[in-house]
Amino acid sequence: MIPQFGFAEIVVLALLAIIVVGPKDLPKLMRTMGGFMAKIRAMGQEFKDAFEDMDAEDEIAQMRKEIEELKNLGKIENLVGDDIQNEMRELDADLRDATDVSSPKGKN
């Protein structure tokens with residue numbers, strides 16, 4: 020958790036810095052502090068990006084898994100057992116036999 024500074028706290032810190040460091044070395048101190056803060060922000064962003072990359076990789080892996088499951092879902096072998104497949108084949112044969120009508124004799 021980052022502490023939040025109000026205007027009054029910043030003024031007190033600025034006055035303290037002028038008194039302790041002195042007005043001559045204050046710009047150098049501020050540049051050093053600015054560089055330090057930039058490095059901290061860059062490290063924080065890198066840390067955040069690493070977690071986002073890991074999350075993206077997990078999402079991609081999950082999507083691939085779901086795609087494979089959907090591909091397998093459409094295969095008839097995965098949907099029905101041997102008994103049902105045999106019954107379906109028998110029904111198909113019966114329907115084909117019933118619809119296989121010979122052409123009537125006498126009509127050409």
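Once you know that position 61 of the sequence shown is 80 in the working numbering, the rest is easy, because the numbers rise by one and skip nothing.
Here a beta-carbon is modelled for each residue, glycine too, at the ideal position from N, C-alpha and C.
Alpha carbon to alpha carbon, how far is Thr51 from Glu10? Give it in angstroms, no decimals. Examination of residue 10 is not possible in this model, given that the chain is present from 20 through 127 alone.
According to the Cβ coordinates, are Leu45 and Ala57 closer than 8 Å? no
At which residues does the alpha helix (DSSP H) containing Lys90 begin and terminate? Leu45 to Leu92
Would a C-beta distance cut-off of 8 Å place Leu163 and Val40 closer than the cut-off? Residue numbering for the chain in the displayed model covers 20 to 127; residue 163 lies beyond these limits and cannot be assessed.
CA-to-CA distance, Leu34 to Phe24, given in whole angstroms: 15 Å
Distance check for Ala112 and Asn91, CA to CA, integer angstroms please. 27 Å
Same chain, Cβ closer than 8 Å to Ala75, neighbours up to 5 away in sequence not counted: none
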